[in-house]
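Numbering of the sequence shown is given in our numbering, commencing with residue 8 and proceeding in unit increments. Built from N, CA and C at the ideal position, the CB exists for glycine as well.
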Amino acid sequence: MTTMFPRLLSTRTTATVRSSSPPAGTFRDALCTAVEHRLAEVSRLWVAERAADGEVFDLEIAVWILSGLAW
8 MTTMFPRLLS TRTTATVRSS SPPAGTFRDA LCTAVEHRLA EVSRLWVAER
58 AADGEVFDLE IAVWILSGLA W
């Protein structure tokens, strides 16, 4: 699950991210360089992935979490 986000974030950012489990700093770097609409897009994907596993996860909370990690 956590390895999905750096890959998704790096598709439209300048961050360099490894495909294997990246260090926490690399994940944060990808979040910091992602533009706001990209964070929202990744949040939607995260919520959809959780829903596929039968979990209910609020989109606003997902955006808040990822935005908070970016700071």
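Going by C-alpha distance, which of H44, R45, L46 and D65 is nearest V54?
Residue 54 sits at position 47 when you count from the first residue of the sequence shown. When each option's Cα is compared against that of V54, the closest is D65.
Could you name each continuous alpha helix (DSSP H) segment of 4 residues or more that falls completely within the segment 38 to 71, going from the start of the chain to the end?
You should have 43 to 59.
Roughly how far, in whole angstroms, is the beta-carbon of A41 from the beta-carbon of A69, given that I think they are within contact range, below 8 angstroms?
The count along the sequence shown starts at 1 and reaches residue 41 at position 34. The count along the sequence shown starts at 1 and reaches residue 69 at position 62. Actually they are not in contact, since the Cβ atoms of A41 and A69 sit about 14 angstroms apart, beyond 8 angstroms.
Ignore the nearest five residues each way along the sequence and tell me which others in E67's own chain have a CB closer than 8 angstroms to its CB.
Translated into positions along the sequence shown, residue 67 becomes position 60. Excluding sequence neighbours, E67 sits near nothing in its chain.
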